[in-house]
Amino acid sequence: MYLKGEYKSHLGPHEQCPDHCTVFALSDPHISELSAACNHEHSLLCVDCQNIKMVLEGIREKIEDEKLDLTHDQRERDMWEYEHAVVEIEAWKTHLLRAFHQDLARLDALSSLNEETVIVINDWAMKFLPMRFRETQSQWFGKRGISWHFSAVIHLANHPDCQCTTASMNGFKIHTYIVVLDSCKQDWFAVSCILEEVLSVVKASHPTVTQAKVRSDNAGCYHCTALLTTINNSSNRSGIQVKRYDFSEPQAGKDLCDRKIAPCKQRLRNYLSENHNIENARDIKEGLDSPPAMDCTRVAVCKIDSSKVCPSTANNKITGILKFNNFSYDEDGVRVWQAYGIGEGVYFDEFEAKQDVSGLERDAEWSAAIEKQRKQAKPKSNGSTRDPGSTYSCLDPACILTFDSIQDAEDHMDTGEHVFTPENEKIYDTVKRQWAAVSTTVKGKNETIGEAAYGEGQGSGATKGWALKKQKAALTRVFNEGTRQDKAKPAVIAEEIKRKFSREEWLETQTIKGFFSRLAAEQKGQVVEEEFFDADGQESRALEREALLQE
Numbered sequence: 001m002y003l004k005g006e007y008k009s010h011l012g013p014h015e016q017c018p019d020h021c022t023v024f025a026l027s028d029p030h031i032s033e034l035s036a037a038c039n040h041e042h043s044l045l046c047v048d049c050q051n052i053k054m055v056l057e058g059i060r061e062k063i064e065d066e067k068l069d070l071t072h073d074q075r076e077r078d079m080w081e082y083e084h085a086v087v088e089i090e091a092w093k094t095h096l097l098r099a100f101h102q103d104l105a106r107l108d109a110l111s112s113l114n115e116e117t118v119i120v121i122n123d124w125a126m127k128f129l130p131m132r133f134r135e136t137q138s139q140w141f142g143k144r145g146i147s148w149h150f151s152a153v154i155h156l157a158n159h160p161d162c163q164c165t166t167a168s169m170n171g172f173k174i175h176t177y178i179v180v181l182d183s184c185k186q187d188w189f190a191v192s193c194i195l196e197e198v199l200s201v202v203k204a205s206h207p208t209v210t211q212a213k214v215r216s217d218n219a220g221c222y223h224c225t226a227l228l229t230t231i232n233n234s235s236n237r238s239g240i241q242v243k244r245y246d247f248s249e250p251q252a253g254k255d256l257c258d259r260k261i262a263p264c265k266q267r268l269r270n271y272l273s274e275n276h277n278i279e280n281a282r283d284i285k286e287g288l289d290s291p292p293a294m295d296c297t298r299v300a301v302c303k304i305d306s307s308k309v310c311p312s313t314a315n316n317k318i319t320g321i322l323k324f325n326n327f328s329y330d331e332d333g334v335r336v337w338q339a340y341g342i343g344e345g346v347y348f349d350e351f352e353a354k355q356d357v358s359g360l361e362r363d364a365e366w367s368a369a370i371e372k373q374r375k376q377a378k379p380k381s382n383g384s385t386r387d388p389g390s391t392y393s394c395l396d397p398a399c400i401l402t403f404d405s406i407q408d409a410e411d412h413m414d415t416g417e418h419v420f421t422p423e424n425e426k427i428y429d430t431v432k433r434q435w436a437a438v439s440t441t442v443k444g445k446n447e448t449i450g451e452a453a454y455g456e457g458q459g460s461g462a463t464k465g466w467a468l469k470k471q472k473a474a475l476t477r478v479f480n481e482g483t484r485q486d487k488a489k490p491a492v493i494a495e496e497i498k499r500k501f502s503r504e505e506w507l508e509t510q511t512i513k514g515f516f517s518r519l520a521a522e523q524k525g526q527v528v529e530e531e532f533f534d535a536d537g538q539e540s541r542a543l544e545r546e547a548l549l550q551e
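Per UniProt numbering, the very first residue in the sequence shown carries number 1; after that it's consecutive.
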């Protein structure tokens with residue numbers, strides 16, 4: 001529960017605990033441009049973080065206790081599950097810290113908004129399956145989804161070019177732009193064309209705007225070299241220059257576009273229930289434009305001509321692009337960071353290719369922006385404590401704010417700042433006081449661990465049997481057998497590996513599944529040689545994807 005809720009309230013760039021200091025945790029020790037020095041010492045240890053480590057160590061000691069009535073195989077299984085659970089807990093902790101720090105990019109973008117700047121958040125909605133008011137069983141099968149892309153544009157509520165009179169409780173106004181396409185490959189070129197189109201429409205309705213800061217998730221069509229090296233050139237044709245592109249932390253929860261997609265889906269379900277059919281992109285536009293109007297939502301039907309893509313964009317290179325999450329553009333190139341604002345960043349320039357033309361064509365013009373009148377949000381209290389009378393709470397489990405209406409709650413999640421610690425509860429001060437009482441004991445334990453880690457008997461790390469064939473050769477053999485007869489299930493193979501190999505060579509079901517997918521991609525109709533693949537261990541899906549892209 002500590003990691004799920006209270007941990008985020010301890011994080012910050014100036015914390016003296018190394019588990020909580022985001023600058024210390026996210027600085028790259030090998031690349032000076034991606035590292036920053038802290039102006040404080042890390043002389044404190046968090047009692048709660050230490051308690052987690054002590055509990056995990058206690059579980060290990062219990063499993064290794066010879067007094068516990070376990071067979072050798074049971075002990076090996078329990079130890080393997082324990083080690084993987086520890087890795088997952090540590091990965092969760094690092095994920096929470098990265099998500100907290102990466103959200104600072106959103107907050108800084110909102111705080112720096114002016115009349116010349118907008119924020120654009122992009123996301124593809126799940127493809128919409130065509131539906132009829134009444135359809136036969138045969139019509140229900142074999143449907144082909146319709147692509148639709150959402151762009152949420154945020155600007156100041158008092159923008160001189162905006163005709164809307166109402167605003168969110170945080171002083172911002174959000175316009176939603178939906179591009180619907182009957183047939184579309186959801187790649188970087190489609191995203192580039194759609195973003196250029198949206199910026200052109202924004203420029204037409206808001207002539208004062210000259211700059212945009214873009215955000216999205218880490219889908220492959222966004223987080224790729226081709227888009228990130230050509231987006232500045234293509235956006236300039238719209239009259240609005242992209243100055244920044246920030247990616248959210250993967251699996252960090254729903255974003256603004258997700259909260260715009262949900263009511264649109266409900267609107268289409270209501271439209272279908274009124275004796276209408278939704279079978280193509282134009283039907284989706286008619287359904288979304290049907291009364292009552294959706295607040296500041298505009299829809300257009302478009303198509304993408306993929307023949308206009310510049311093939312030489314594949315020659316543009318940003319080495320290790322998947323590890324970079326923040327991009328800042330100027331006239332000559334782009335500066336990138338692993339973590340937001342940490343270090344001076346790495347600069348790339350002289351890209352070979354640019355996307356000089358757009359491949360987007362409108363099939364149906366943009367609908368008019370209609371403002372839905374609503375009751376003005378009342379000023380809220382500081383939110384330092386939870387109000388039992390309030391109905392709606394923030395979806396972030398660590399945020400303590402509650403709201404009287406769903407609209408206020410959505411405004412907070414869209415453009416607000418989370419409050420993790422009540423003002424009348426200085427949790428970290430309590431941690432500091434507790435640490436002052438036990439600092440000597442904890443420090444002594446650290447010294448003992450350090451001595452043990454560098455004791456005698458430390459070799460090169462090689463172990464007996466290191467040159468033997470590893471488990472991936474056996475996996476390749478199982479895969480080849482599956483091409484000739486029944487395919488094996490990864491879950492079954494994972495259990496067989498536990499019986500045939502030592503604990504250090506056991507693999508998770510997801511790892512085996514990903515390895516089989518890699519073999520299938522490499523195979524291309526030919527049986528793969530068992531010696532072809534290197535025995536690596538636990539590869540994450542992100543690294544698998546990066547390896548495939550590099551090959």
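Note that beta-carbon positions come from the ideal geometry of N, C-alpha and C, so glycine has one too.
**Item:** C-alpha gap between Lys426 and Asp414, whole angstroms
**Value:** The sequence position of residue 426 within the sequence shown is 426, counting from 1. The sequence position of residue 414 within the sequence shown is 414, counting from 1. Note that Lys426 scores 47 on pLDDT, short of 50, meaning its location in the model is unreliable; the coordinates nonetheless yield the value given after this. Near 27 Å, if we compare the C-alpha coordinates of Asp414 and Lys426.
**Item:** Between the CA atoms of Phe327 and Tyr245 - distance to the nearest angstrom
**Value:** Translated into the one-based positions of the sequence shown, residue 245 becomes position 245. Translated into the one-based positions of the sequence shown, residue 327 becomes position 327. Looking at the two C-alpha atoms, the distance is approximately 5 Å.
**Asked** Is the region 344-356 in contact with the region 314-326, if contact means three or more CB pairs nearer than 8 Å?
**Response** yes
**Message:** Which of the three DSSP states is assigned to Lys213 in this structure?
**Reply:** For the purposes of this step, residue 213 is taken as residue 213 along the sequence shown, with counting starting at 1. In the structure shown, Lys213 sits in a strand (DSSP, three-state: E or B).
**Prompt:** Where do the N-terminal and C-terminal ends of the alpha helix (DSSP H) with Val86 fall, by residue?
**Reply:** Working through the sequence shown from its first residue, we reach residue 86 at position 86. Segment 72-111, the alpha helix (DSSP H) holding Val86.
**Asked** So which of His206, Phe24, Ile318, Leu56 has the shortest CA-CA distance to Phe83?
**Response** The sequence position of residue 83 within the sequence shown is 83, counting from 1. The identity of residue 83 in the sequence shown is Glu, whereas the question assumes Phe. Residue Leu56 is the option with its Cα nearest to Glu83.
**Prompt:** Candidates Thr230, Trp148, Asp103: which alpha carbon is nearest Ser248's?
**Reply:** Counting from 1 along the sequence shown, the entry for residue 248 is found at position 248. The shortest Cα separation from Ser248 among Thr230, Trp148, Asp103 belongs to Asp103.
**Request:** Counting only runs of 4+ residues fully inside the region 213-274, write out the alpha helix (DSSP H) ranges in chain order.
**Result:** 225-236, 256-273
**Prompt:** Thinking C-alpha only, which one of Leu96, Leu70, Gly345, Val301 is nearest Leu3?
**Reply:** Residue 3 sits at position 3 when you count from the first residue of the sequence shown. It is Leu96.
**Item:** As assigned by DSSP and simplified to three states, the class of His10
**Value:** What you label residue 10 is simply residue 10 of the sequence shown in a count that begins at 1. Three-state DSSP puts His10 in a helix.
**Message:** Are the CB atoms of Asn277 and Arg106 within a distance shorter than 8 Å?
**Reply:** Counted from its first residue, the sequence shown places residue 106 at position 106. Counted from its first residue, the sequence shown places residue 277 at position 277. Going by C-beta atoms, Arg106 is not nearer than 8 Å to Asn277.
**Prompt:** Skipping 5 residues on each side, what residues in its chain have a beta carbon closer than 6 Å to that of Glu197?
**Reply:** Position 197 of the sequence shown holds residue 197. Once the five neighbours on either side are set aside, the close Cβ partners of Glu197 are Leu360.
**Request:** For the beta strand (DSSP E) holding His42, just list the boundary residues, first then last.
**Result:** Mapped onto the sequence shown, residue 42 falls at position 42. Unbroken run through His42: none, as it is neither H nor E.
**Item:** Rounded C-alpha distance that separates Glu64 from Asn218
**Value:** The residue you call residue 64 lines up with position 64 of the sequence shown. The residue you call residue 218 lines up with position 218 of the sequence shown. Their Cα atoms are separated by approximately 41 Å.
**Asked** Should Ile406 be labelled buried (16 or more other beta-carbon atoms within 10 Å of its own) or exposed?
**Response** In the sequence shown, the residue the question calls residue 406 occupies position 406. With fewer than 16 other Cβ atoms within 10 Å, it is exposed.
**Asked** Going by beta carbon distance, what residues of the same chain come within less than 7 Å of Val242, once the five residues before and after it are set aside?
**Response** What you label residue 242 is simply residue 242 of the sequence shown in a count that begins at 1. So the list reads Ala212, Val214, Ile231, Asn232, Ser235, Tyr329, once near-sequence residues are dropped.
**Item:** Beta-carbon gap between Val299 and Asp289 smaller than 8 Å
**Value:** In the sequence shown, counting from the first residue as 1, residue 299 sits at position 299. In the sequence shown, counting from the first residue as 1, residue 289 sits at position 289. Yes. Within cutoff.
**Request:** Could you name the residues that DSSP lists as bridge partners for Asp187?
**Result:** Here residue 187 refers to the residue found at position 187 of the sequence shown. Looking at the DSSP assignment, Asp187 forms no beta bridge with any residue, so it has no partner.
**Asked** Do Ile318 and Ser216 have their CB atoms nearer than 8 Å?
**Response** Translated into the one-based positions of the sequence shown, residue 318 becomes position 318. Translated into the one-based positions of the sequence shown, residue 216 becomes position 216. Contact: no.
**Request:** Would you kindly work out how many angstroms separate the C-alpha atoms of Lys380 and Asp19, rounded to a whole number?
**Result:** Counting from one through the sequence shown, the residue named residue 380 turns up at place 380. Counting from one through the sequence shown, the residue named residue 19 turns up at place 19. Interpretation of Lys380 is limited by its pLDDT of 46, a score under 50 that renders its predicted location unreliable; the figure taken from the coordinates is listed afterwards. If I take the Cα positions, the gap works out to 33 Å.
**Asked** Beta-carbon separation of Lys285 and Val179 under 8 Å?
**Response** In the sequence shown, residue 285 corresponds to position 285, counting from 1. In the sequence shown, residue 179 corresponds to position 179, counting from 1. Their beta carbons are not under 8 Å apart, which means Lys285 does not touch Val179 by this criterion.
**Request:** Determine the direct distance from the alpha carbon of His101 to that of Thr22, and round the result to whole angstroms.
**Result:** For this step, residue 22 is matched to residue 22 along the sequence shown. For this step, residue 101 is matched to residue 101 along the sequence shown. Those two C-alpha atoms are separated by around 7 Å.
**Reduced DSSP secondary structure (H/G/I, E/B, other) of Lys303** = If you number the sequence shown from 1, residue 303 lands on position 303. Here Lys303 sits in strand by DSSP.
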